[in-house]
Each structure stands twice: as structure tokens, then as C-alpha cells.
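In the numbering used here, the protein residues as written are 253 to 945. Below you'll find the structure, written out as C-alpha cells, and then a few comments.
This is the structure we're talking about:
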């Protein structure tokens with residue numbers, strides 16, 4: 253038997269050698285996350301792995317990765333003399349996804365709870381056994397022996413005392429079990445909150461490598477995932493009026509990629525890799541006769557809000573107004589996209605919506621263009637525009653010639669000798685902070701932000717950048733700025749990166765980790781604002797100039813004034829104004845009251861027309877101990893029909909914008925001073941008609 257197996261063993265060895273030569277050695281390889289760049293929507297993961305290769309072909313499987321990797325983003329470096337034959341990404345459904353440390357801790361606690369419950373059940377079983385033993389041995393003496401009274405009392409006392417003790421112990425154990433089970437239920441609820449599922453899927457990258465010699469590779473693996481991101485939030489703190497505002501810039505980072513990020517270097521980027529980067533094409537518009545029953549196909553411009561989904565927002569409220577006149581729009585449908593969850597705006601255009609599973613809200617109304625906005629804030633005020641089918645809106649991008657003014661002085665007169673001839677630097681290949689860019693992009697760089705510039709020529713260029721560097725390469729590094737939180741801000745051409753100095757651990761549970769980015773002391777102009785035609789409250793506002801320098805993103809802000817929380821407001825740096833105005837809350841010490849004067853509450857008839865006269869008085873009282881500057885707005889209606897005429901306009905002491913019908917007063921109210929303002933107008937329209945007075 254022994255001798256007969258030797259040929260078979262030799263044959264198996266030969267087959268094994270042939271398989272290895274054809275497909276290579278196969279090994280499972282762990283890797284560690286070192287650096288993560290978190291985008292507004294998504295993240296770039298950088299892993300490292302030390303791999304030992306034999307000569308010839310090898311199959312390396314990088315395991316325990318995220319099951320949400322974008323396959324076309326995978327990059328491998330650090331190959332040294334080895335070459336890649338193929339790269340494959342797939343999902344392994346047989347390997348359990350590693351739970352987070354917090355989940356493991358709770359699961360271990362559940363095991364301990366089960367042991368405690370089992371221990372109490374064992375005690376109860378022992379107590380019951382002893383009770384049974386006592387009850388089965390109650391007989392005293394025998395037929396020939398009479399038990400004395402003293403002995404009977406002694407036995408009775410023992411039975412009563414011991415049985416009472418045992419039943420008390422049983423009740424105590426049952427009570428302990430009940431308390432332990434309550435804790436067990438809470439832990440199970442917390443695990444349910446973590447969305448713990450017994451999924452058995454992880455991502456794997458399979459590399460087929462070929463190496464002439466045995467070697468050890470320090471592989472660097474880079475790829476993108478979608479189940480991650482960050483969104484900004486601000487704290488605005490004003491200690492007292494007319495002092496600078498402290499603006500604290502924070503990031504809320506979250507991820508649910510299936511892999512914990514443990515002690516990683518973080519970079520927060522304002523870039524969004526999911527943005528459609530294709531420039532629009534404007535084609536000719538041809539007109540022809542169509543059937544009156546056919547559908548209009550109106551192309552509309554895409555608005556750029558730059559808002560990002562905020563998973564922490566559970567309730568959204570706001571006001572929907574009309575773009576043409578700013579009036580509230582009642583009856584607007586406010587729906588959480590992809591669900592049946594929705595509400596309608598009330599008579600004042602207000603709404604409140606409790607969100608469920610969606611991340612976008614759709615605002616729609618008959619005759620108006622719908623708006624879709626990601627749920628980014630607990631306050632979402634929306635403006636709707638009229639849908640004019642006869643007008644197609646297009647976005648036209650104009651292209652012009654640019655010159656490298658940003659580099660004038662920095663590289664004036666520099667010429668780069670390529671492999672063929674002497675050329676100017678405009679034909680060179682540009683790399684800014686490691687990212688290839690065009691000459692037009694470089695022209696938009698601020699020369700003050702350029703820290704250094706290196707020039708690669710001849711073989712040095714082509715060795716690194718291939719044919720793109722044939723005419724030379726200009727490497728530009730921009731300046732960095734490290735603040736008190738250890739965050740280095742790097743301003744690129746199309747985005748800003750915040751390098752976090754301290755390492756962070758972010759579990760894969762979707763919860764938010766707060767990271768402080770920066771803090772600014774912002775000069776501000778304070779003023780009070782009131783629009784009693786809409787709201788008789790007086791709001792304290794702060795106007796911030798030159799806000800572009802702070803690299804802000806649209807986000808919600810918590811407002812603190814004089815040490816107290818005043819509520820929330822929204823910051824939208826995408827506005828085209830030269831200043832940023834934020835509301836710091838309502839000041840009850842300034843009272844505004846708007847009343848209609850009785851003398852003008854009358855209607856008359858002139859011929860076939862009805863005339864309605866209106867006049868208002870606005871009383872403002874400053875109950876503060878200091879002077880205040882107040883901007884007050886009101887309005888006189890504008891006619892959109894030639895049959896409706898506005899006459900007898902009295903704008904009082906206001907600054908009147910006739911085109912918009914807006915009255916504006918700028919008042920300097922002294923302490924305890926009261927001032928009264930008046931305005932009036934009349935409306936003439938045909939009898940039998942009703943208008944929206």
C-alpha cells in the first residue's frame with residue numbers, strides 16, 4: 253500500500269506545481285487605513301499593506317474591505333519591480349463584516365447578562381430542590397415513638413423559617429432576573445439603533461502580480477467610497493452689540509462604509525466628486541408648428557445651491573414665497589422625495605415636516621416651477637418662480653482668452669526646453685499641489701497664494717508624467733496656513749482642503765464626529781430690522797463684509813447673543829451680495845405696532861368702479877437704555893392688471909422704491925424714544941370684482 257501511493261503523491265505534486273506556475277501563489281492579505289480624505293459626499297480611502305512575493309506569478313487578495321468601493325477608482329502603487337496582470341474587485345458573501353468596537357462591546361455585555369440570568373436560574377433551581385426535599389421529609393418519628401411537644405415546635409420552627417428563607421431567595425433571584433432583562437432589552441434596542449445586521453459581505457480586491465524575483469512590497473491602495481461625508485455647522489457668538497462676532501467653523505463627519513477608521517489622518521475637502529462636471533452644450537433652437545395637445549418640452553437652467561444632505565435634521569420648517577413679489581404662497585405641496593410623507597403650506601406660506609427616510613424635499617405648486625432641495629437645515633425657506641412655458645431658460649457659458657497673469661512676475665521669462673524645441677511655459681504641463689490642471693486654471697491663481705514653483709525638464713518630466721510632460725512640467729505649491737486647532741487650510745483652484753493635525757477614529761455606525769476647523773473674530777455692522785407688514789418682531793442683524801476669505805459653505809448656524817442661545821439661522825455664501833447678513837434673534841425691548849387708521853377704513857363707488865382707501869400708522873418705541881439704528885420696511889401694492897389702479901399714494905418720510913412698491917425708513921432711535929410713521933394709498937377697480945387686498 254505504501255509503495256502504491258508514491259506515484260499518486262508525485263502526480264498530485266506535479267499537478268500542484270503546474271497550477272502554481274499557471275495561476276501563481278494565492279494569499280490573503282490584511283491592510284490598514286492610514287489616510288482618509290472626506291468629501292462633502294463620499295471619501296477617498298488610503299490603505300497600506302506589506303506583501304511578501306515569491307518569484308513568478310502571485311495572487312494577492314486584499315480582504316476585509318468596504319463593500320461600497322467604487323471599482324473604477326481603485327489605484328495601486330508601491331509595486332517596485334512587480335507588474336500588475338489584473339485587478340478585480342468583488343464582494344465576499346462568506347466572510348462576516350467586522351462589527352464596530354461599540355457594537356462588539358454591547359454584544360459582549362449581552363453575553364455577560366445571559367450568564368447572570370443563568371446563574372440566578374441555577375440558584376432558583378437549587379432553592380426549589382431544597383424545598384422539595386423538606387416537603388418530602390415532614391414525617392416525624394414512627395408508629396412506636398411519640399414526638400414530644402418541644403421537638404415538634406423545634407421542627408415546625410425550622411420548617412417555617414427555612415421555607416420562608418427559600419421562597420424569599422427565589423423571589424429575590426426572580427427580581428434580579430427581571431432587572432437584568434430590562435438592561436438586556438435596552439442593549440438590544442441600542443444594537444437595533446446601530447442597525448446591526450448579520451450581514452456576511454465584505455469587499456475584496458484581488459491582484460494578480462508578476463515578479464522576476466522574490467521581494468517585499470509596501471503597497472499603497474487608494475479608492476473611493478460613497479457611504480461617507482461631512483457637512484459644516486457654525487456657531488455665531490456675539491458677546492455684546494457693536495463688538496466683533498466670533499464665528500466657530502465645525503465639521504460633522506460621518507461614515508457607514510462597513511470599516512472603522514481607527515487613528516487615521518483626516519483631510520476634509522469641500523469638493524464633491526459626485527457633481528456633474530460636464531459643461532452644458534447649447535444647441536440651436538428650431539421652431540415649428542405643433543399639435544395643441546402635445547406636451548411642452550421646456551428646458552430649464554439648473555440652479556446651483558451647493559447644499560448637502562444633513563442626516564441629523566429630523567424636522568424641517570420654513571416659509572415658501574413667490575419670487576416676483578415675496579408674498580407667501582399657501583397650499584404648496586411639500587413632499588419628502590420617494591415617500592408619501594408630506595404637508596401643505598398654510599395661509600402664511602409656512603410649513604413643518606417631520607422627515608423619515610428621504611434626503612430630498614420637493615416643493616410644487618400649480619403654475620410654478622418645482623424646487624428640489626436636499627434636507628440640509630432645520631430651517632428651509634424656499635422661493636418659487638412662475639413656470640412660463642413660452643420662455644425656455646438656458647445656461648450659456650462664455651469662453652474667452654486668458655493669460656497667465658497669475659504667473660507674471662513669479663515665472664516671468666521662464667522658458668522650458670522640451671525634448672524637441674524651446675517653447676514658452678504656456679504649453680507646459682501644470683501640476684498644482686499634486687493635481688494636474690490647465691493653463692486657464694493656473695491663470696486664476698492668486699499670486700500671493702503661491703508658495704513655491706519647480707520646473708522639470710527633459711527626461712525628468714517624461715519619467716514621471718509620461719507624454720504629458722514632454723514639453724516640460726511646472727510644479728506649483730500653494731501656501732498653507734495652520735490655525736489654533738492644528739488645521740492646515742490649503743486653497744486649491746476648485747476646492748479647499750482642511751488637513752486635521754490630530755488623528756481621529758470614526759466608527760462605521762453613521763453617527764457624527766464633531767471636528768473643529770477654525771475660529772474667526774469677524775467685524776460686523778449691527779442694525780435692527782422690522783417688517784411689521786409681515787411680523788411685528790424686531791430682529792437684530794449683523795452684516796459681515798469680505799466673507800469670502802473664510803471659506804464658508806452653505807450651512808446652518810447656531811446663534812448665541814450675550815451668552816444665551818438665540819436660535820438658528822442659515823448662512824449662504826453662494827449669494828451674490830458683497831456682504832453676508834445673519835439674524836441674531838428677536839429683541840423684545842424694541843416694540844413695533846402697525847395699525848390701520850379708522851378714518852381710511854371706507855369704500856366708495858365712482859361710476860362702475862369701487863375705490864378702497866387705506867392708511868396705516870406704525871409706532872416704534874425704544875425701551876432700551878441705549879440708542880439703536882433701525883431699518884423698517886413696509887409696502888404699497890403694485891397692480892398687475894390695467895383695470896386695477898393704485899392712486900393717492902402717500903409715502904410719508906420713507907425712501908420709496910416705485911418699481912417694487914417698497915417703503916424703507918432708516919431710524920436712529922434714542923433711549924426711551926417713540927416715533928410714528930404713516931403711509932396711505934387708494935385702490936380703484938371694477939365693481940363686482942374681488943382682488944387680493
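Just so it is clear, CB atoms sit at the ideal spot from N, CA and C, and this is done for glycine as well.
Short of 8 Å in beta carbon distance, which residues of its chain neighbour residue i, apart from the five on each side in sequence? Order them along the chain.
i: residue 812; result: 487, 488, 489, 490 and 818
i: residue 902; result: 867, 930, 931, 932 and 933
i: residue 896; result: 935, 936, 937 and 943
i: residue 855; result: 862, 863, 864 and 865
i: residue 793; result: 778, 779, 780, 781, 833, 834, 835 and 836
Which class does residue i belong to by DSSP, given the choice of helix, strand or coil?
i: residue 870; result: strand
i: residue 704; result: strand
i: residue 468; result: strand
i: residue 309; result: strand
i: residue 387; result: helix
i: residue 786; result: coil
i: residue 408; result: helix
i: residue 413; result: helix
i: residue 691; result: helix
i: residue 770; result: strand
i: residue 697; result: coil
i: residue 845; result: strand
i: residue 834; result: strand
i: residue 751; result: strand
i: residue 862; result: strand
i: residue 378; result: helix
i: residue 780; result: strand
i: residue 730; result: strand
i: residue 371; result: helix
i: residue 419; result: helix
i: residue 850; result: helix
i: residue 401; result: helix
i: residue 764; result: coil
i: residue 428; result: helix
i: residue 567; result: strand
Cutting at 7 Å between CB atoms, please list the residues of its own chain near residue i, excluding the five before and the five after it.
i: residue 774; result: 496, 497, 499 and 796
i: residue 759; result: 352, 353, 354 and 512
i: residue 639; result: 619, 620 and 621
i: residue 788; result: 844, 845 and 846
i: residue 559; result: 625, 626, 628 and 806
In the DSSP assignment, what residue or residues form a beta bridge with residue i?
i: residue 681; result: 725
i: residue 799; result: Beta-bridge pairing links residue 799 to no other residue.
i: residue 445; result: Answer is none; residue 445 lacks a bridge partner.
i: residue 816; result: 813
i: residue 342; result: 456
i: residue 561; result: Paired residue(s): none; residue 561 is not in a bridge.
i: residue 284; result: 300
i: residue 806; result: DSSP, once it has assigned bridges, lists no residue as partnering residue 806.
i: residue 320; result: DSSP output for residue 320 lists no bridge partner at all.
i: residue 334; result: According to DSSP, which records beta bridges pairwise, residue 334 is partnered with nothing at all.
i: residue 476; result: 296 and 322
i: residue 580; result: 573
Which same chain residues end up closer than 6 Å to residue i when comparing Cβ atoms and leaving out the 5 residues on each side of it in sequence?
i: residue 944; result: none
i: residue 765; result: 505 and 758
i: residue 422; result: 376 and 379
i: residue 616; result: 585 and 622
i: residue 871; result: 845 and 928
i: residue 918; result: 883
i: residue 590; result: 610
i: residue 959; result: In the structure as shown, the chain starts at 253 and stops at 945, and residue 959 therefore has no counterpart that could be examined.
i: residue 720; result: 681
i: residue 564; result: none
Inspect the CB distances between the segment 288-301 and the segment 509-529 and report whether three or more fall short of 8 Å. Touching, yes.
With a floor of 3 residues, list each beta strand (DSSP E) that falls wholly inside the segment 589-636, ordered by position along the chain. Within the segment 589-636, the beta strand (DSSP E) runs of at least 3 residues that lie entirely inside it are, in chain order, 594-596, 602-606, 612-616, 623-626 and 634-636.
Three-pair Cβ contact test at 8 Å for the segment 433-441 versus the segment 299-309: Using a Cβ-Cβ distance cut-off of 8 Å, the segment 433-441 and the segment 299-309 are not in contact, since fewer than three pairs of beta carbons, one from each stretch, lie closer than that value.
The segment 455-466 touching the segment 739-753, judged by at least three CB pairs closer than 8 Å: Using a C-beta cut-off of 8 Å, the segment 455-466 makes no contact with the segment 739-753, since fewer than three inter-stretch Cβ pairs fall below that distance.
Check whether the segment 406-414 and the segment 326-346 are in contact - that is, three or more C-beta pairs closer than 8 Å. Taking 8 Å as the limit for Cβ pairs, the verdict is that the segment 326-346 does not touch the segment 406-414.
The segment 718-728 / the segment 691-706 touching (three or more Cβ pairs under 8 Å): Result yes; three or more Cβ-Cβ pairs closer than 8 Å.
To test your reading of the DSSP string, which unbroken beta strand (DSSP E) runs of 3 or more residues are found completely within the segment 877-944? Fully enclosed beta strand (DSSP E) runs of 3 or longer: 880-887, 897-902, 907-909, 914-921 and 926-938.
If we count Cβ pairs, one from each stretch, closer than 8 Å, do we get three or more for the segment 361-370 versus the segment 329-339? No, they do not touch.
Any chance the segment 894-914 sits against the segment 831-843, with 3 or more Cβ pairs inside 8 Å? Per the Cβ contact rule, the segment 894-914 is not in contact with the segment 831-843 (fewer than 3 Cβ pairs under 8 Å).
Could you name each continuous beta strand (DSSP E) segment of 3 residues or more that falls completely within the segment 481-533, going from the start of the chain to the end? Scanning the segment 481-533 for uninterrupted beta strand (DSSP E) segments of 3 residues or longer gives 497-507 and 513-521, listed from N- to C-terminal end.
Contact between the segment 322-333 and the segment 473-482: three or more CB pairs below 8 Å? The answer is yes - the segment 473-482 touches the segment 322-333, with three or more Cβ pairs under 8 Å.
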